[in-house]
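Input: a single structure, listed below in structure tokens.
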Amino acid sequence: MDQSTETPPGERPKSGLSVYIGKDVSEIKKEFGEPDRIDDSAFNYDWWVYNVPDTEYIQFGVKDKKVVTLYAIGNGLDVAPYKLGQKLEDIYRFTIVDSEIVVKSDSGSYQFELNEEDLNTRLLVPLGDLYAQLYLDKFTGELSSIRFMDSDTLVATHPYEMMYRGELAEEEPPSEKEWEEVNEANEKQIYAITNIMRKQYGESTLQWDETTANAARGHSREMHDKSYFSHESDAMGSLTDRLDKRGVSYQTAGENIASQYLDGPEAVHGWLNSDGHRKILLDKAFTHIGVGVYKGYYTQNFIKQPELP
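Using UniProt numbering, you'd call the opening residue of the sequence shown number 1 and step up by one each time.
Structure below.
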């Protein structure tokens, strides 16, 4: 049976990855084995990462040994009631789409408001006692990736404009040491998701280049520390200036930057839906990539390495 007909609108799915929300981590291990790695997040959960390179990628958000959220990309994954790669018009046939979503919990009542860009690229759909974030490719009209979460995680991360009555529990921000681990985790996640996207769109995957990544890290940190957002740095110059100063060998180069996204997956999705960034993200000329993240600032540096004589 088609996934899109299995679950009535608004009900929690009985199959697919979302059934793991609320489950003990032992259930993940039983199905998927040990994670490829466990990443820190900027929130009160860790990411358990399962990666079939360039094909399928899942990260389960785990808090107190329970799954509270997950992100998935890769067209072979079961994300019922949806299908990755599904057309938006199919989704609209069985999904109740609203620009205002009200979440009630013990701590209060919270209203999330989706703007026009959200409705075109980042839908929020209640499914019983959990929520699905549908990451859409607005250029193809297809479901690119998906995130499921419980209500507490939705309120804690508040990825949309939020109004509330009651108390909003402020999480303790990461320490500087924790930020180092979160930054590194986001870099790895962006790299993996970028390669899956490139393969899905028929382009070659990219190799990691650490020297290029150091250039990207330096730019993200400088943008954060000096409170600016630009490809041009007063201190370090343009992208090519920055790569040259790091000793990177390249024939061509490109750069994507982003700021104030929730995490790495959200940043990549933002680039996919911006025409100029998308062209760089999917450019067939590039062979290598370096990613640098510093707190809320994200930089991707792409290069084509010189061919060996």
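We treat Cβ as the ideally placed atom computed from N, Cα and C, and that holds for glycine.
Pro-126: member of the beta strand (DSSP E) spanning 122-127, first to last residue. For Pro-306, the number of other beta carbons within 10 angstroms of its own is below 16, and it is reported as exposed. The C-beta distance from Gly-10 to Ser-41 rounds to 28 Å, too long to fall under 8 Å, and the pair is not in contact. No Cβ-Cβ contact shorter than 8 Å links Val-68 with Gln-59. Taking C-alpha positions only, Glu-170 is separated from Glu-180 by approximately 21 Å. The closest CA to that of Thr-240, considering only Phe-302, Ala-258, Ser-204, is found on Phe-302. Only residues of its own chain outside the window of five on either side were considered, and among them Thr-211, Thr-212 have a CB closer than 6 Å to the CB of Val-248, listed in chain order. Annotation: the continuous beta strand (DSSP E) that includes Met-162 extends over 161-166.
Pairing Glu-187 with Val-291 gives a Cβ-Cβ distance under 8 Å. Annotation: the continuous alpha helix (DSSP H) that includes Thr-153 extends over 151-157. Boundaries of the beta strand (DSSP E) harbouring Thr-69: 66-73, taken from the DSSP string.
Lys-226 counts as exposed, since fewer than 16 other beta carbons sit within 10 angstroms of its beta carbon. Tyr-20 has its alpha-carbon roughly 35 Å from the corresponding atom of Ala-216. The Cβ-Cβ distance between Tyr-160 and Asp-98 does not fall below 8 Å. Bounds of the alpha helix (DSSP H) holding Asp-244 are 239-246.
Taking Ala-258 as the centre and dropping the five residues before and after it, the same chain places the C-beta of Ala-267, Gly-270, Trp-271, Tyr-298 closer than 7 Å to its C-beta, in chain order.
Counting C-beta pairs closer than 8 Å gives fewer than three between the segment 271-284 and the segment 230-238, which falls short of the contact rule. For the 8 Å CB-CB criterion, Glu-56 and Leu-77 form a contact. Judged by DSSP secondary structure, Glu-100 falls within the beta strand (DSSP E) whose first and last residues are 100-105. Per the DSSP secondary-structure output, Tyr-82 pairs in a beta bridge with Val-79. DSSP places His-219 within a helical segment (H, G or I) once states are collapsed to three. Secondary structure of Val-97 (DSSP, three-state): coil. Counted as a single uninterrupted DSSP element, the beta strand (DSSP E) harbouring Thr-299 occupies residues 297-304. Per DSSP, Gly-276 is not a residue of any beta strand (DSSP E); the alpha helix (DSSP H) it occupies stretches across 275-281. In the DSSP annotation of this structure, the continuous segment of the alpha helix (DSSP H) that includes Tyr-191 starts and ends at 176-200. Ile-91 sits in a helix when the DSSP states are folded into three classes.
Judged by their CB atoms, Tyr-201 and Leu-136 are not nearer to each other than the 8 Å cut-off. By the neighbour-count criterion, in which a residue is buried when 16 or more other Cβ atoms sit within 10 angstroms of its Cβ, Thr-252 is exposed. Following the DSSP letters along the chain, one finds Ser-26 inside the alpha helix (DSSP H) bounded by residues 25-32. Taking the Cβ atoms as the reference, Gln-189 lies roughly 14 Å from Gly-74, outside the contact range of under 8 Å.
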